[in-house]
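J.:
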Amino acid sequence: MVDDINLVSNSTFDSSVARSNELKHQIEKNPKNFKVLTGERPTGKLHIGHLFGSIQERVKFQNIGTETSIIIADYQVITDRDELKDLQSNVRDIIIDNLAAGLDPEKTMMFCHSQIPPLNQLMLPFLSLVSNAELLRNPTVKSEMESSGRELSGLLLTYPVHQAADILFCKGNIVPVGKDQLPHIELCRTIAKRFNSRYCSVDYSRLDKNGQPLGIENAVFPEPEALLSEVPHVPGLDGRKMSKSFDNAIMLSMTEDETASVIKKSETDSERTIFYDFENRPGVSSLLTITALCRGLRIDSASDFAGQKQVADEINSDPKYGSGLLKAKAIESVNEYLKTHRQKRRELAANLDYIDSILKNGNLKALEIASQTLGEVQSAMGTCY
Ligand code: TRP
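Here the sequence shown is numbered in this note's numbering, starting from 356 and rising by one per residue.
1. My understanding is that cysteine 467 touches aspartate 429, with C-beta atoms under 8 Å, so please give their C-beta distance in whole angstroms.
2. If the criterion is Cβ atoms closer than 8 Å, does the pair glutamate 499 and aspartate 435 meet it?
3. Within 10 angstroms of the Cβ of valine 372, are there 16 or more other Cβ atoms? Answer buried if so, exposed if not.
4. Apply the 10 Å Cβ neighbour rule to phenylalanine 576 and answer buried if 16 or more other Cβ atoms are within range, or exposed otherwise.
5. Quick one: any contact between the region 464 to 478 and the region 508 to 526, if contact means 3 or more CB pairs under 8 Å?
6. Can you give me the C-alpha to C-alpha distance between threonine 495 and serine 366, rounded to a whole angstrom?
7. By DSSP, does lysine 307 sit in helix, in strand, or in coil?
8. Do valine 446 and glutamate 422 come within 8 Å of each other at the CB atom, strictly closer than that value?
9. If you reduce the DSSP assignment to three classes, tell me which class aspartate 448 lands in.
10. Mind checking which residues open and close the alpha helix (DSSP H) that includes serine 366?
11. So does isoleucine 589 have its beta carbon nearer than 7 Å to some heavy atom of ligand 1?
12. Any chance the CB of alanine 725 is under 7 Å from a heavy atom of ligand 1?
13. Isoleucine 433: beta carbon under 7 Å from a heavy atom of ligand 1?
14. Considering only their Cβ atoms, is the gap separating proline 460 from isoleucine 724 smaller than 8 Å?
15. When DSSP labels each residue in this structure, what does lysine 390 get in the three-state scheme?
16. Taking threonine 423 as part of the beta strand (DSSP E), name the residues at either end of that continuous run.
17. How big is the Cα-Cα spacing for threonine 728 and leucine 707?
18. Going by CA-CA distance only, name the one from Ala735, Leu439, Leu401 and Ser364 that's closest to glutamate 572.
19. Should the region 585 to 596 be called in touch with the region 400 to 415, which here means at least 3 C-beta pairs below 8 Å?
20. For a quick check, are the C-beta atoms of tyrosine 676 and isoleucine 629 less than 8 Å apart?
21. Do glutamate 383 and isoleucine 449 have their beta-carbon atoms positioned less than 8 Å apart in this structure?
22. By the three-class DSSP mapping on this structure, what secondary structure does isoleucine 724 have?
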């Protein structure tokens with residue numbers, strides 16, 4: 356993921372927000388009509404931003420009965436770096452944290468896309484459906500290339516096509532994403548449409564009375580839609596995006612003491628009165644946000660940062676007010692909030708055979724689905740011998 360600033364125009368973004376809100380209502384009303392596919396790049400251990408973000412959202416979908424799958428995008432790791440350092444433990448950590456947060460492997464399949472050959476084979480026909488210019492103008496790819504400081508690799512250029520295979524192999528129709536991923540979902544829709552119209556005689560230029568293209572029953576692929584995640588933005592301890600590489604993250608795997616130590620080390624300022632001002636006091640403001648979030652308070656601008664203000668008031672009314680007390684409250688709230696999650700993840704991490712068996716089962720299920728879809732693709736294309 357890259358910072359999501361300016362990657363899509365405001366009007367495109369506004370219409371995606373409106374559509375997402377409509378979709379959320381539809382999913383709540385008819386959870387079984389949808390198939391959610393979410394993805395994760397295994398580049399490191401997970402932090403609380405992941406938990407409050409994608410992980411808890413998935414658990415919610417699973418629990419309302421929407422079929423949910425999690426793809427661990429291991430090939431995507433080498434889009435912008437050479438080394439696959441700690442890959443196996445990163446993959447296991449994703450599984451452990453998802454399970455600890457409530458994912459039920461009987462209901463939700465987790466798998467690595469590198470292990471599913473027919474999924475990867477979809478990339479070949481898909482590549483023929485997009486132009487070089489379309490690939491080159493993808494703003495997220497451009498910004499990922501810039502932040503990697505490297506030349507554009509063939510895989511980085513084409514990974515949005517690979518991502519389309521990730522989504523379409525299982526006919527996912529809802530993809531929860533952040534703003535930075537919108538261009539990829541748009542490309543995935545384009546690929547689905549072009550495949551359906553080229554090989555399945557779906558006529559997108561003429562619609563029936565329900566607004567559906569003609570001959571839709573012959574379509575191999577749905578046109579997946581992005582669901583802009585309504586997840587809180589959790590800042591890192593220095594106010595930048597939370598990331599292990601910035602050394603500003605609270606990792607789910609940390610002990611209580613390690614958590615206390617990173618919070619104590621975080622940079623605040625010398626002003627004793629505590630108040631929320633993200634621009635000028637990033638360290639103090641991030642601690643207020645993280646504390647409020649862990650206490651279940653509202654942290655959004657629509658509530659005028661009510662949670663942050665409540666925490667700040669509590670600190671300022673204490674004779675020991677100041678950054679030290681803020682840090683103490685943050686440590687207490689984070690450790691309390693993560694207590695059960697950490698307990699569960701410790702138990703799970705003690706049984707790696709179990710974790711590996713979950714991945715193996717997920718891979719097998721995904722393989723079966725991908726083989727079925729590839730069969731449909733081959734029969735639509737006439738590549739059956
Ligand atoms: N590209 C996504 C990211 O960088 C990860 C991902 C891979 C993904 N395949 C996916 C997300 C399929 C959603 C659907 O975060």
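Here a beta-carbon is modelled for each residue, glycine too, at the ideal position from N, C-alpha and C.
T.: In short, the structure shows the following:
1. 5 Å
2. yes
3. Exposed, because fewer than 16 other Cβ atoms sit within 10 Å of the Cβ of valine 372.
4. buried
5. yes
6. 17 Å
7. There is no way to answer for residue 307, as the model of the chain reaches only from 356 to 740.
8. no
9. helix
10. 365 to 384
11. Here residue 589 turns out to be valine, not isoleucine, going by the sequence shown. At a cut-off of 7 Å, the beta-carbon of valine 589 does not count as near ligand 1: no heavy atom of the ligand is closer than that.
12. no
13. no
14. Not closer than 8 Å, so no.
15. The answer is strand: DSSP assigns lysine 390 an E or B state.
16. 422 to 427
17. 31 Å
18. Ala735
19. The region 585 to 596, when compared against the region 400 to 415, does touch it at the 8 Å Cβ threshold.
20. yes
21. no
22. helix
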